[in-house]
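Quick note: to get the numbering used here, add 1433 to the position in the sequence shown (first position is 1). Beta carbons are placed, not taken as given, at the ideal position from N, Cα and C, and that holds for glycine.
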Amino acid sequence: MAEKQQQQQQQQQQQRKKAIVVGCGVGGSATAARLAVAGFDVEVFEKNSFSGGRCSLIHHDGYRFDQGPSLLLLPPIFHALYSDLGTSLESHLDLIKCDPNYVVHFHDGESVVLSTDRAQLRAEVERFEGVEGGEALEGFLTESSRHAALSYSLVLSKTFTSYLSLLRPSFLVNAIALHPHLPLWNRVSRYFKTERMRRAFSFGSMYLGSSPFDAPGTYSLLQWTETVEGIWYPKGGFHKVVQSLVDIARHHSANFHFSTPVSHVNGSTSGTATGITLEDGTTHDADLVVVNADLAWAHGNLFKDVRGEQRDPRLTKRLEGKPHSCSSISFYWAMDRKLPELKGHNIFLAEEYKESFDDIFRKSSMPREPSFYVNVPSRIDPTAAPEGKDALVVLVPIGHMLLADNRTPEDWRGLVAKARAQVVEVMEGRLGLKSGQLEEMIVWEDVNTPVTWKDKFNLTHGSILGISHDFFNVLAFRHQARHPSVKNAYFVGASVHPGTGVPIAIAGSRLCTEAIMSDLELPLPATYHPAPFVPQRKLDVRESPRVQDLVEDWAAAVLWALCGALVALIYVWLWR
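#1: Below 8 angstroms on the Cβ atoms is my contact criterion, and I expect ALA1927 with LEU1898 to pass it. Report the Cβ-Cβ distance as a whole number of Å.
#2: Alpha carbon to alpha carbon, how far is GLY1650 from TRP1657?
#3: Alpha carbon to alpha carbon, what distance is there between ARG1623 and GLU1976?
#4: Whole angstroms is fine: what's the gap from SER1584's alpha carbon to LEU1866's?
#5: Please check the pair ARG1801 and ASP1814, which I expect to be a contact at CB under 8 angstroms, by giving their CB distance rounded to whole angstroms.
#6: Contact check, HIS1916 vs ALA1922 under 8 angstroms by CB: the rounded distance?
#7: Could you tell me the boundaries of the alpha helix (DSSP H) in which ARG1770 lies?
#8: What three-state label does DSSP hand ILE1664 in the structure shown?
#9: Can you find the residues in the same chain that come closer than 8 angstroms, C-beta to C-beta, to GLU1559, ignoring five residues on each side of it along the sequence?
#10: Taking 8 angstroms as the cut-off, decide whether the C-beta atoms of SER1462 and SER1484 are in contact.
#11: Expressed to the nearest angstrom, what Euclidean distance is found between the alpha-carbon atoms of PRO1830 and VAL1884?
#12: Can you name the residues that DSSP bridges to THR1716?
#13: Which residue spans inside the region 1719–1768 form an unbroken beta strand (DSSP E) run of at least 3?
#14: Three or more beta-carbon pairs under 8 angstroms between the region 1677–1685 and the region 1539–1549, yes or no?
#15: Please work out which residues of its chain come closer than 8 angstroms, Cβ to Cβ, to ALA1648, disregarding the five sequence neighbours upstream and downstream, and give them in chain order.
#16: Taking the alpha carbon of GLY1486 as the reference point, which residue from GLU1562, VAL1455, HIS1833, LEU1468 has its own alpha carbon closest?
#17: Return the chain-ordered list of same chain residues with a C-beta closer than 6 angstroms to the C-beta of ILE1510, the five sequence neighbours on each side being excluded.
#18: May I ask which residues mark the beginning and end of the alpha helix (DSSP H) holding ASN1607?
#19: Assuming LEU1466 and ALA1682 are in contact, meaning their beta carbons sit under 8 angstroms apart, how far apart are those beta carbons, in whole angstroms?
#20: Return the first residue and the last residue of the beta strand (DSSP E) that VAL1698 is part of.
#21: For VAL1880, list the residues DSSP reports as bridge partners.
#22: Could you check if ASP1727 is buried or exposed, using at least 16 other CB atoms within 10 Å of its CB as the buried criterion?
#23: Using DSSP's beta-bridge definition, name the partner residues of ALA1825.
#24: Find the nearest neighbour of HIS1697 within the set VAL1459, TRP1665, ARG1740, TYR1961, judged by alpha-carbon distance.
#25: Under 8 angstroms by Cβ, that's how I've got SER1503 and PRO1694 pegged, so tell me the actual separation to the nearest angstrom.
#26: Per DSSP, what kind of secondary structure is LYS1776 in: helix, strand or coil?
#27: By the 10 Å Cβ neighbour count, where 16 or more other Cβ atoms means buried, how is PRO1931 classified, buried or exposed?
#28: DSSP has VAL1475 in a bridge; who is on the other side?
#29: Applying the criterion that 16 or more other CB atoms from any shown protein chain within 10 Å of the CB defines a buried residue, is HIS1684 buried or exposed?
#30: According to DSSP, is MET1541 part of a helix, a strand, or is it coil?
#31: Using DSSP bridges, identify the partner residues of THR1705.
#32: I'd like the span of the beta strand (DSSP E) that includes ILE1529, first residue to last.
#33: Output needed for LEU1944: all residues of its chain with C-beta closer than 6 angstroms, excluding positions within five of it in sequence on either side, in chain order.
#34: Entirely within the region 1825–1908 and at least 3 residues each: give me those beta strand (DSSP E) ranges in chain order.
#35: Only counting the same chain, and skipping five residues up and downstream in sequence, which positions put a Cβ closer than 6 angstroms to that of GLY1495?
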């Protein structure tokens, strides 16, 4: 009997498919965990000595800093992830609710508090826009709730394998309601009448590394999730999310190899991935390879032809030339005392709001007057700093590096010094501190620049959030999970559909896993829920849309119909 069981185990082991994951960022660790739970023999190779990629920690003398992400948004996606893995979020993470969501500081000394307390938020809006402003808030949140619900069901859980996918009836019927054809700023401006409120409810597009004047109106869903679902923070740092996924994968026998850079994917010359070769020359065979590295970098460096050159240089060049998200100069400050004037999440907006975004996204430069974000993790989780002290992370969005960036180390040092001086001056002025007071509190500092992001994480142009999310870089216009010409090679991460950000990359890991299981004709694990992303509140329907909205939506409907007809004609012509 024992011998028979042993033979069965050996047969099962022989039947197990082997998957290699290149990169242990959020998308890579989530995909590794999903495949391990599904019964794959999983090996993960990461060039850095730590997991998480940008979602990692910096430690110094009792201080802890989140190197990248610091806000947990769209919690249903996280709950669905752990449910898919046969466990629960509560079993792995201790989430702390951030209250308030933000304090937004303006150039004129005024500030606005954004929170999940609807009555308090409405009163805050009415301070500047009167009773009509409160009604506008409700209308805006109704629209953004529709964006969230439709995005959960039609975008984050669906693949768009070709342009014909845009003609999918379930998507086409609801496409106009998602407002992908209009910038976020336009949708916000439909409701709020003051510049102050428009800015307060549009800066969130920076989560995507995009300008609110370019990002699709769909992304007002971010304001909805913050207001309704809240902003959360994992106790111990955001990296706890990645660490829990690594732990789950290891529990299911996955192996992780850190400080182990990959040279290239084997088999890409023949058109079928068969494993990888490490930089030290060691080879590892596999049935499939998942790449969780920057998309353009991966195509240019990991997939080779018979001469050892890029397999598809035109594709690499096209990806490199696509509009990319911004970069940042990020400061990590250890303070010798608490700074009570700051909450957990603080936004300092430039007086020249649109101009600052134009400097970043049109000129690829640092704004003359930057807007910036200050995170105080120790205000949310006291374990982030020694008692009586604070840890501060200051993120200054700037333009990404150009393809032929010839700035010297001295140039970068000058840019960092300029950004630092501006941040200190603005914070002291708007928080009511004396000149030089903030500087005196900083006892230690670390800095990430576009060069740091590029070198440490192989990010094309040093863009911290990958390829942009403008209209022609989302849905079917965005790279999907499958490699376009190499069988058994897959991608997951910020520049792959559905897009950037921790929860979106997690949603992408599910799409990647589904593609793998479908290609191998394997069933999804029994733990997988058929409708993974369910908002916490039902969709509200606005009963009296304004005439302007109706005209705009009908115009968009005509545009979509014409686009659909054009796509159909192209396909008919190609296949005739």
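In terms of the structure at hand:
#1: Contact holds; Cβ gap of about 6 angstroms.
#2: About 12 angstroms.
#3: Confidence in GLU1976 is poor, its pLDDT being 38 and thus under 50, which makes the residue's placement unreliable; the coordinate value appears in the next sentence. Cα to Cα, the separation comes out at about 16 angstroms.
#4: About 43 angstroms.
#5: Their Cβ separation, rounded to whole angstroms, is 35 angstroms, which puts ARG1801 and ASP1814 out of contact at 8 angstroms.
#6: 4 angstroms
#7: That residue, ARG1770, is in no alpha helix (DSSP H); it is neither H nor E in DSSP.
#8: coil
#9: GLY1566, GLY1567
#10: If you check the CB distance, SER1462 and SER1484 come in under 8 angstroms.
#11: 14 angstroms
#12: THR1710
#13: 1721–1724, 1760–1768
#14: Three or more Cβ pairs closer than 8 angstroms define a contact, and the region 1677–1685 falls short of that threshold against the region 1539–1549.
#15: PRO1616, LEU1617, SER1638, LEU1641, HIS1902, ASP1903
#16: If we check each option's Cα against that of GLY1486, VAL1455 comes out closest.
#17: PRO1936, ILE1939, ALA1940, PHE1966
#18: 1602–1611
#19: According to the sequence provided, residue 1466 is Ala. The question's Leu does not apply to it. Sure, about 4 angstroms apart at Cβ, within 8 angstroms.
#20: 1695–1699
#21: PHE1764
#22: ASP1727 is buried by the Cβ-count criterion.
#23: It is worth fixing the name first, because residue 1825 is Leu in this sequence and not Ala. The partner list for LEU1825 (beta bridge, DSSP) reads TRP1766.
#24: ARG1740
#25: Rounded, the Cβ-Cβ distance is 28 angstroms, inconsistent with contact.
#26: coil
#27: buried
#28: ALA1452
#29: exposed
#30: The question names Met, but residue 1541 in the sequence shown is Asp. Three-state result, ASP1541: coil.
#31: THR1705 is bridged by DSSP to LYS1920.
#32: 1528–1530
#33: THR1592, ALA1914
#34: 1875–1881
#35: PRO1819
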